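Student: Numbering-wise, the numbering used here puts 176 at position 12 of the sequence shown, and it's gapless, one number per residue.
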Amino acid sequence: MKIINRRQIRVKVLQELYSYLSGNQASVEQGQKKIINSFIQTNTLYLFYLNFFKCFWEFLTHRDDFQNRFKKSLEPIDNNITLLSGLIPLKSIALNKALISKLKLTELKNYWQNKEDFFNEFYLKIVNSDGFKEYLAIDNKDFKTQLNLFIHIFKEILVHDKSYVNYIEDENIYWIDDIPIINTFFLRLIKALHNDSEKEFDFFLNTFSYSKKDTDFALNLFERVLENSEKLDQDVQTLALNWDIERIAPIDRLIIKMSIVEITYFSDIPNNVSVNEYLEISKEYSTPKSSQFINGVLDSIVKNNQ
Numbered sequence: 165m166k167i168i169n170r171r172q173i174r175v176k177v178l179q180e181l182y183s184y185l186s187g188n189q190a191s192v193e194q195g196q197k198k199i200i201n202s203f204i205q206t207n208t209l210y211l212f213y214l215n216f217f218k219c220f221w222e223f224l225t226h227r228d229d230f231q232n233r234f235k236k237s238l239e240p241i242d243n244n245i246t247l248l249s250g251l252i253p254l255k256s257i258a259l260n261k262a263l264i265s266k267l268k269l270t271e272l273k274n275y276w277q278n279k280e281d282f283f284n285e286f287y288l289k290i291v292n293s294d295g296f297k298e299y300l301a302i303d304n305k306d307f308k309t310q311l312n313l314f315i316h317i318f319k320e321i322l323v324h325d326k327s328y329v330n331y332i333e334d335e336n337i338y339w340i341d342d343i344p345i346i347n348t349f350f351l352r353l354i355k356a357l358h359n360d361s362e363k364e365f366d367f368f369l370n371t372f373s374y375s376k377k378d379t380d381f382a383l384n385l386f387e388r389v390l391e392n393s394e395k396l397d398q399d400v401q402t403l404a405l406n407w408d409i410e411r412i413a414p415i416d417r418l419i420i421k422m423s424i425v426e427i428t429y430f431s432d433i434p435n436n437v438s439v440n441e442y443l444e445i446s447k448e449y450s451t452p453k454s455s456q457f458i459n460g461v462l463d464s465i466v467k468n469n470q
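What follows is the structure, given as structure tokens:
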């Protein structure tokens with residue numbers, strides 16, 4: 165399954181162009197290597213998510229030790245711990261042999277050590293949530309019911325946990341842009357979990373892949389923007405009527421320059437597709453006023469290329 169899409173690729177190129185033009189890259193080759201590495205890092209973020217749930221389950225099974233060591237009151241002390249640690253979907257991640265083997269080969273294996281306070285806060289958010297209270301009221305806590313609770317934990321609690329997002333950002337600044345697609349992918353994966361004790365779930369069958377066509381597109385886009393940078397600045401100045409190019413925010417200027425390059429050199433991509441993609445990117449990375457300005461400039465680019 166191919167997960168990495170063209171918008172992600174454009175964002176990764178945009179980030180590296182911004183870094184390079186800000187003087188943070190020694191060479192074009194170094195920037196290109198970082199783009200390729202950013203593709204690999206998408207899979208590492210996915211592994212980060214899996215490792216979180218593995219370590220959370222381990223925390224639940226040793227929560228009494230945490231209480232004794234730090235002499236903390238961990239109310240509520242009741243069957244909630246057992247109910248959560250016994251969730252089949254959670255255990256299928258925590259005890260997955262392939263995951264355990266992969267983590268042994270990465271620096272992530274020790275990431276969640278000494279973060280018991282965060283795990284405890286996360287636990288309390290779960291047991292105090294409406295979704296968990298509804299789960300308690302159900303007599304038949306079969307696999308489907310457990311799976312629904314696990315989906316609630318992920319979709320309604322973890323995804324919105326600011327501390328968790330901060331951990332991601334602190335570990336790798338490039339991961340922050342991959343969070344939405346990882347969230348979507350992970351939710352789809354959770355829903356596919358099964359209750360077959362004879363067959364271990366394959367968490368790595370459909371991970372994030374990229375083709376030579378993807379890397380060629382990214383590297384060519386990066387290189388074309390840089391080698392034509394001065395001419396592109398002139399083009400932007402021509403298109404941005406009544407605007408001094410120095411007054412245009414660097415990120416906005418880059419988005420426009422990338423769109424010009426894509427329309428000029430990548431004839432296999434329809435102009436309207438390129439424009440729409442960069443408009444969506446500008447909405448996320450620019451201010452509302454900047455997005456309107458970029459929209460006007462890109463509209464001029466399309467009209468000039470008709």
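Here a beta-carbon is modelled for each residue, glycine too, at the ideal position from N, C-alpha and C. Just so it is clear, the structure is predicted and the values come from calculations on it, not from any experiment.
Look at the Cβ atom of I415, then the Cβ atom of V461, and state whether they are nearer than 7 Å.
Tutor: Counted from its first residue, the sequence shown places residue 415 at position 251. Counted from its first residue, the sequence shown places residue 461 at position 297. No, the pair does not count as a contact, with Cβ atoms beyond the cut-off.
Student: Ignore the nearest five residues each way along the sequence and tell me which others in K466's own chain have a CB closer than 8 Å to its CB.
Tutor: Counting from 1 along the sequence shown, the entry for residue 466 is found at position 302. For the record, residue 466 in the displayed sequence is Val; it is not Lys. Only I427, N435, N436, V439 meet the Cβ criterion.
Student: My assumption, with CB atoms under 8 Å, is that F126 sits in contact with I332. Please give the rounded CB distance.
Tutor: Only positions 165 to 470 of the chain appear in the structure, and residue 126 is not among them; the question remains open.
Student: Looking at L418: is its Cβ nearer than 7 Å to the Cβ of L181?
Tutor: Position 254 of the sequence shown, counted from the start, is the residue given in the question as residue 418. Position 17 of the sequence shown, counted from the start, is the residue given in the question as residue 181. Contact: yes.
Student: Using CA atoms only, rank isn't needed, just tell me which of I302, T225, L269, R171 is closest to N284.
Tutor: Here residue 284 refers to the residue found at position 120 when the sequence shown is read from its first residue. Of I302, T225, L269, R171, the residue nearest in Cα terms is T225.
Student: Tell me which same chain residues have a C-beta within less than 8 Å of the C-beta of D397, skipping the five on either side of it?
Tutor: If you number the sequence shown from 1, residue 397 lands on position 233. Closer than 8 Å at the Cβ level, and outside the excluded window around D397, lie I409, R417, K421.
Student: Would you kindly report the start and end of the unbroken alpha helix (DSSP H) that includes G295?
Tutor: Taking the first residue of the sequence shown as position 1, residue 295 is located at position 131. 294–300 is the span of the alpha helix (DSSP H), which, as asked, contains G295.
Student: In whole angstroms, give me the CA-to-CA distance for I433 and K305.
Tutor: Counting from one through the sequence shown, the residue named residue 433 turns up at place 269. Counting from one through the sequence shown, the residue named residue 305 turns up at place 141. Those two C-alpha atoms are separated by around 51 Å.
Student: Within its chain, find whatever has a CB closer than 7 Å to the CB of R388; leave out the 5 residues flanking it on each side and keep chain order.
Tutor: Along the sequence shown, one-based indexing puts residue 388 at 224. So the qualifying residues of the chain are V425, Y429.
Student: Candidates D294, A258, K363: which alpha carbon is nearest F217's?
Tutor: Here the question's residue 217 lines up with position 53 in the sequence shown. Per the Cα distances, A258.
Student: At what residues does the alpha helix (DSSP H) containing N330 begin and finish?
Tutor: Along the sequence shown, read from residue 1 onward, the residue named residue 330 stands at position 166. Counting along the chain, the alpha helix (DSSP H) containing N330 begins and ends at 326–335.
Student: So is L263 buried or exposed if we call it buried at 16+ other beta carbons inside 10 Å?
Tutor: Here residue 263 refers to the residue found at position 99 when the sequence shown is read from its first residue. L263 is buried by the Cβ-count criterion.
Student: Do you know offhand how far Q401's Cα is from W407's?
Tutor: As a position in the sequence shown, residue 401 is number 237, starting the count at 1. As a position in the sequence shown, residue 407 is number 243, starting the count at 1. Whole-angstrom Cα-Cα distance: 7 Å.
Student: Taking only runs of the alpha helix (DSSP H) that begin and end inside the stretch 377–439, which ones reach a length of at least 4 residues, in chain order?
Tutor: With a minimum length of 4 residues, the continuous alpha helix (DSSP H) runs that stay inside the stretch 377–439 are 393–403, 414–429.
Student: What's the call for P240, buried or exposed, on a 16-neighbour Cβ count within 10 Å?
Tutor: Position 76 of the sequence shown, counted from the start, is the residue given in the question as residue 240. Low local confidence applies: a pLDDT of 48 at P240 is under 50, so the model's placement there is unreliable, and no value is given.
Student: Rounded to whole angstroms, what's the CA-CA distance from N359 to E335? Just pull it up for me.
Tutor: Translated into the one-based positions of the sequence shown, residue 359 becomes position 195. Translated into the one-based positions of the sequence shown, residue 335 becomes position 171. Computed Cα separation, rounded: 33 Å.
Student: When you compare each of L267, S393, C219, N260 to Y287 by their alpha carbons, which one comes out closest?
Tutor: For the purposes of this step, residue 287 is identified with residue 123 of the sequence shown, where counting begins at 1. Ranking L267, S393, C219, N260 by Cα distance to Y287 puts C219 first.
Student: With 16 as the cutoff for other CB atoms within 10 Å, does L248 come out buried or exposed?
Tutor: Numbered from 1 along the sequence shown, position 84 holds the residue referred to as residue 248. Answer is buried; the Cβ neighbour count reaches 16.
Student: Apart from the five residues just before and just after S423, which ones in its own chain have a Cβ nearer than 7 Å to its Cβ?
Tutor: Here the question's residue 423 lines up with position 259 in the sequence shown. Correct list, in chain order: S438, V439, Y442, L462, I465.
Student: Buried or exposed for P253, please, with buried defined as at least 16 other CB atoms from any protein chain shown within 10 angstroms of its CB.
Tutor: Indexing the sequence shown from 1 puts residue 253 at position 89. With 16 or more Cβ atoms within 10 Å of its Cβ, P253 is classed as buried.
Student: Could you spell out the range, first to last residue, of the alpha helix (DSSP H) harbouring L185?
Tutor: Counting from one through the sequence shown, the residue named residue 185 turns up at place 21. From DSSP, the alpha helix (DSSP H) with L185 extends over 170–185.
Student: Would you check if the distance between the CB atom of V291 and the CB atom of N244 is smaller than 7 Å?
Tutor: Taking the first residue of the sequence shown as 1, we reach residue 291 at position 127. Taking the first residue of the sequence shown as 1, we reach residue 244 at position 80. Contact: yes.
Student: Identify which residue in W221, S186, Y275 has its Cα closest to the Cα of T208.
Tutor: Locating residue 208 in the sequence shown gives position 44, counting from the first residue. Ranking W221, S186, Y275 by Cα distance to T208 puts Y275 first.
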